[in-house]
Amino acid sequence: MFPKLVPIPSSGMVPDRDVGKTPILECINLGITFGGLKAVENFNLTIGRTEIAGLIGPNGAGKTTVFNLLTKVYQPTKGTILLDGKDTHGMDTAHVNRAGIARTFQNIRLFQKLSVEDNVKTAMDTQLTYNMWEGIFRLPGYWKEEKVAHERALELLSLFHMEDMARVKAGSLPYGAQRRLEIVRALATNPSLLLLDEPAAGMNPSETAELMENIRKIRDTFQIAVLLIEHDMNLVMNICEGICVLNFGRIIAKGTPEDIQANPAVIEAYLGKKKEA
177 MFPKLVPIPS
187 SGMVPDRDVG
197 KTPILECINL
207 GITFGGLKAV
217 ENFNLTIGRT
227 EIAGLIGPNG
237 AGKTTVFNLL
247 TKVYQPTKGT
257 ILLDGKDTHG
267 MDTAHVNRAG
277 IARTFQNIRL
287 FQKLSVEDNV
297 KTAMDTQLTY
307 NMWEGIFRLP
317 GYWKEEKVAH
327 ERALELLSLF
337 HMEDMARVKA
347 GSLPYGAQRR
357 LEIVRALATN
367 PSLLLLDEPA
377 AGMNPSETAE
387 LMENIRKIRD
397 TFQIAVLLIE
407 HDMNLVMNIC
417 EGICVLNFGR
427 IIAKGTPEDI
437 QANPAVIEAY
447 LGKKKEA
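To convert, note that position 197 of the sequence shown is 373 in the working numbering; the numbers rise steadily by one, no gaps.
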C-alpha cells in the first residue's frame, strides 16, 4: 500500500510521512541546451526525504540527461537544483557526491580487475583520514581505518548476500551480481539520495523481484530517497510512490502510479496516437 502524496508549499508533492521535512531534492525550472537543442526544459521535481520515485519516458526523452544534471556531469543552462535545501550551483561531480547524491549507470562501471570488496572500499576514500605517510609505511592509523573500511564493506555487501564474494574479482561476477555490486558501491558514499539508472536492465523476472525488495530495504535501512530510471513498468508501478514522465525533454505528467497509468498523454507517448478511422 503506497502512502498518500501530499502537496507542499513549493508546489511539489511528497509522501505524507515526509511532510514537514525539507525535501531531499527540488529541481526548479531546470534545463540544458546543446547547440540550440533544448535537451531538458522547465524540469520541476520534488522528492521527499524517504521517497522512492520514478523517472520514466520513451527512449531519448532526456532521463539520463536529468541524472547528468543532478550529478553535475552537465552544468545546467538554467534553473536551480536544491539538495537538502542547499543550492548546488557551482558544485562539480565530486562535490555533489560528497553533498549526498550517489548514482549507478546504464552501463556497468566497476573496476573489473579489483575484488568485490575493493570496489566498495574505493567509494569510501573521502571517509578515510589517515595521511600519506601512514599509508605508505602502513602505520597503526592506516590499519585501524582499513579495519573499519573492511567491516563496513562486508556490512554493505551483506544487504545483497554478497559478503562471501568479497575476494572475488568484480569482472568475474554474473551480470546480476555486478548490478548489485554497483548499487553497494554507491551506498558506500553514504548518500541521502540514490540515483539508479535502469537497475533492472538485463535481469530476469526473479532477479527483478529481488531487486524491488532490495530497493525497499535500502530505503528503510538507510532512511534515504531513491530516484530510478527504468523501462520495466511492472517494477516502476509496484515500487515507486511518485512518478515523473518525460517526453522530448519536458515533463508531461506527474503523480502516483495510478495517476500515471490512466494519463492519456502518457499512453500516447508510449503507444502513439490512435489514428482516426
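Idealized CB from N, CA, C, for every residue including glycine. Here the structure is a predicted model, which means the values were calculated and not measured.
- Cβ atoms of isoleucine 232 and glutamate 358 stay farther apart than 8 Å, at about 20 Å.
- Across the structure, aspartate 260 and threonine 226 are spaced so that their CA atoms are roughly 12 Å apart.
- Rounded to the nearest whole angstrom, the CA to CA distance from leucine 221 to leucine 201 is 8 Å.
- A direct Cα-to-Cα measurement between asparagine 390 and phenylalanine 336 gives close to 7 Å.
- Restricting attention to Leu349, Ala299, Val402, the CA atom closest to the CA of histidine 326 is found in Ala299.
- Taking a cut-off of 8 Å for Cβ pairs, the region 188 to 199 and the region 240 to 255 do not touch, as fewer than three such pairs fall below it.
- Rounded to whole angstroms, the separation of the alpha carbons of tyrosine 446 and alanine 362 is 31 Å.
- If you ignore the 5 residues before and after valine 216, its C-beta comes within less than 7 Å of the C-beta of Leu206, Gly207, Ile208, Gly238, Thr241, Val242, Leu245, Gly425, all in its own chain and listed in chain order.
- Aspartate 192 and isoleucine 400 have their C-alpha atoms some 15 Å from each other.
- DSSP assignment within the region 306 to 382 yields the following whole alpha helix (DSSP H) runs of 4 residues or more, N-terminal first: 308 to 312, 316 to 335, 351 to 363.
- From the listed residues Gln288, Pro433, Thr384, the smallest Cα separation to arginine 343 is found for Gln288.
- For lysine 297, the secondary structure class from DSSP, reduced to helix, strand or coil, is helix.
- Sequence-distant partners of glycine 352 (beyond 5 residues in either direction) whose C-beta falls short of 7 Å from its own C-beta, in its chain, are Met379, Glu383.
- A residue is called buried once 16 or more other Cβ atoms fall within 10 Å of its Cβ, and glycine 236, having fewer, is exposed.
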